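So the structure is just underneath, and the comments pick up after that.
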Amino acid sequence: LIIAIGAHIDTFSTTHKYGIFGEKAKLVHHSTAPGQIGIVFPVDIGVTGSTASFIAGLTERVTKAKLTKCWVDVPKARADWEAELQGVVNHTAVPIQSQFVAHMIRKVLPQNGLCVVDAGNGGKHVRSYFKSWEPGTFMCIDDWASVGGSFPIALGAKLARPDRPVLCASGDMGAMCNIGELETAMRENIPVVYVVFNDQGLGNERAFQNEHYGGRFFAVDYNNPDFGALAKVFGAHGEHVTKPEELEGAIQRAFASGKPAIVDVMIDQNTLAPVVYRPQ
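Spelled out as structure tokens, the structure:
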């Protein structure tokens with residue numbers, strides 16, 4: 014029996030492993046969004062409504078059932094996962110590792126700050142390393158299939174929460190999609206900090222081509238600009254980071270500037286996001 018609470022169970026969260034569930038497994042899928050239930054995997058029972066109420070009811074029934082079969086040791090699994098994440102953060106590597114960038118974003122952004130994450134390889138890293146301490150402080154646009162949408166969404170988030178710092182994170186190709194909105198940010202004085210994971214191309218597609226086509230790459234490498242310099246052309250604050258020791262200060266200066274800002278981070282093309290799936 015698999016009970017998914019608030020999970021999308023999409024191709025990304027299951028890392029494209031359509032056989033992740035056993036053939037005889039029963040799936041109960043809860044979501045506050047009815048349209049998310051059963052969109053990839055067929056469900057035996059679909060539940061929509063309050064997450065808190067669902068968990069309360071589920072806890073009551075599981076307690077009464079007096080189950081004897083072993084369950085996954087969730088605290089241990091989580092502790093192992095956290096240890097694995099921190100174990101691969103390289104604070105000195107050049108080119109800069111994506112894991113380090115994601116780690117530094119969480120370190121610098123205050124607990125009440127809002128983080129809006131784009132689709133793509135960089136976004137996967139941030140999702141793995143970003144701990145949310147308050148409700149409504151983390152947004153991920155993967156389900157909207159809108160590469161590049163994180164920046165304009167972050168502008169809206171800043172307008173809705175002007176008293177809180179707002180950070181947006183995307184890859185360089187995501188930045189290319191909506192970089193023109195920097196003019197909007199300057200004109201309307203919307204001070205969002207935009208961290209760009211710049212690997213000069215399409216990181217996800219590069220990874221898939223490497224895995225499925227033996228490293229035969231096609232249309233994944235680009236000559237993107239220095240986004241920090243480009244930000245200055247718009248009149249915004251801009252930083253271009255090539256060494257890990259430069260990153261923390263660059264993000265701090267971006268927030269301190271009080272202006273729309275881009276922190277362009279040159280990252281290693283070969284640092285792929287960690288896989289959450291663990292076989293049991």
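For reference, each letter of the sequence shown is one residue, going 14 to 293 in the working numbering.
Don't be surprised by glycine CBs; every beta carbon is placed ideally from N, CA and C.
Just so it is clear, the structure is predicted and the values come from calculations on it, not from any experiment.
- In or out: GLY35 buried (at least 16 other Cβ within 10 Å) or exposed? Classification of GLY35: exposed, given that the 10 Å Cβ count is below 16.
- Neighbourhood of GLU196 by C-beta, 7 Å cutoff - its chain only, sequence neighbours within 5 removed: PHE247
- Task: Specify whether the stretch 128 to 141 and the stretch 163 to 176 touch according to this definition: at least 3 beta carbon pairs, one from each stretch, less than 8 Å apart.
- Result: yes
- Message: Taking DSSP's pairing of strands, which residues face MET279 in a bridge?
- Response: Answer is ASN211, bridged to MET279.
- Query: Can you give the Cα-Cα distance for GLN112 and VAL102, rounded to whole angstroms?
  - Reply: 6 Å
- Item | TYR142, buried or exposed, once every other Cβ within 10 Å from all chains shown has been counted against 16 | That one is buried.
- Message: Suppose you measure from the CA of LEU168 to the CA of GLN265; what does that come to, to the nearest Å?
- Response: 19 Å
- Task: Report, in whole angstroms, the separation of the C-beta atoms of PHE268 and VAL206, which I expect to be a contact under 8 Å.
- Result: 6 Å
- Go ahead and label LYS171 buried or exposed: buried means 16 or more other beta carbons lie within 10 angstroms of its beta carbon, across all protein chains shown. buried
- Task: Label ASN202 either buried or exposed according to how many other C-beta atoms from any shown protein chain fall within 10 Å of its C-beta, with 16 as the threshold for buried.
- Result: exposed
- Rounded separation between GLU258 and MET117 - CA only: 11 Å
- HIS225 to GLY135 span [Cα, whole Å]: 20 Å
- Query: Span of the beta strand (DSSP E) holding GLY184?
  - Reply: 179 to 184
- Where do the ends of the alpha helix (DSSP H) carrying GLU196 lie? 194 to 200
- Item | Residue of VAL139, PRO175, ALA173 and ILE58 minimising C-alpha distance to HIS43 | ILE58
- Item | Assigned exposure category for VAL87 - 16 Cβ within 10 Å defines buried | exposed
- Between ILE109 and ILE280, is the Cβ-Cβ spacing less than 8 Å? yes
- Task: Please report the Cβ distance between GLY214 and TYR235, rounded to the nearest whole angstrom; I am assuming they are in contact, meaning their Cβ atoms lie under 8 Å.
- Result: 5 Å
- Item | Nonlocal neighbours in the same chain, by C-beta distance under 6 Å from LYS144, ignoring five residues either side | none
- Query: Does DSSP put PHE268 in a helix, in a strand, or in coil?
  - Reply: Helix.
- Query: Taking just the CA atoms, how far does THR255 sit from SER66?
  - Reply: Roughly 48 Å between the two C-alpha positions.
- Residue burial classification, LYS4 (beta-carbon count within 10 angstroms, cutoff 16): This structure does not reach residue 4, given that the chain is present from 14 up to 293, and the question cannot be answered.
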